[in-house]
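K.L.:
In the working numbering, the protein residues as written are 1 to 125.
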Ligand SMILES: [Zn+2]
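(1) Which first and last residues belong to the beta strand (DSSP E) in which residue 19 is found?
(2) Mind checking whether the beta-carbon of residue 110 lies closer than 8 Å to any heavy atom of ligand 1?
(3) Excluding the 5 residues flanking residue 36 on each side, which residues of the same chain have their C-beta closer than 6 Å to its C-beta?
(4) What would DSSP say about residue 74, mapped onto helix, strand or coil?
(5) With a threshold of 7 Å on Cβ separation, who are the neighbours of residue 79 within its own chain once the five nearest residues in sequence on each side are excluded?
(6) Spell out the partners DSSP gives residue 9 in its beta bridges.
(7) Is the CB-CB distance between residue 97 and residue 83 below 9 Å?
(8) Return the first residue and the last residue of the alpha helix (DSSP H) that residue 29 is part of.
(9) Compute the Euclidean distance between the alpha carbons of residue 114 and residue 64, then round it to the nearest angstrom.
(10) State buried or exposed for residue 94, treating a residue as buried only when at least 16 other CB atoms are found within 10 Å of its CB.
(11) Taking Cβ positions, are residue 41 and residue 31 nearer each other than 9 Å?
(12) Could you please give the first and the last residue of the uninterrupted alpha helix (DSSP H) stretch that includes residue 95?
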């Protein structure tokens, strides 16, 4: 089992969550970037000599963009569809995305819990 980067709760449905990716690259990623740059430079050395080291910023940018997209994908709650990044940008759009998610996933545990709370509340009142 892969180690999670952060344990947290969803801000909307309060479900405990584990984020797999951190916001920034880790030491392991920087090591991978370094090794990949060295391997690429060694492969292209006969053709362009040490100019192959110029691939470092390109490889770094690819790592950053892939990691950012994985982090953004991981940020969205799998139970209610709430995305804090969208909430920060546009509250109405974030609300619309949650409603769409709940329409597409009618058997999500969040809706079952809400219905259960509703019936329990109506039984005692
Ligand atoms: Zn949620």
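C-beta: ideal position from N, C-alpha, C; glycine also.
P.N.:
Reading off the structure:
(1) Element bounds for residue 19: 16 to 19.
(2) Ligand 1 has a heavy atom closer than 8 Å to the beta-carbon of residue 110.
(3) Taken in chain order, the residues that qualify are 59.
(4) In this structure, DSSP gives residue 74 a helical state, which the three-state scheme calls helix.
(5) Correct list, in chain order: 10, 13, 15, 108, 109, 110.
(6) In the DSSP assignment, the residues bridged to residue 9 are 16.
(7) Contact flag set, yes.
(8) Taken as a continuous stretch (DSSP letters only), the alpha helix (DSSP H) holding residue 29 covers 27 to 48.
(9) Spanning the two alpha carbons is a distance of roughly 39 Å.
(10) Buried, because 16 or more other Cβ atoms sit within 10 Å of the Cβ of residue 94.
(11) Residue 31 is positioned such that its CB atom lies no closer than 9 Å to that of residue 41.
(12) From DSSP, the alpha helix (DSSP H) with residue 95 extends over 91 to 104.
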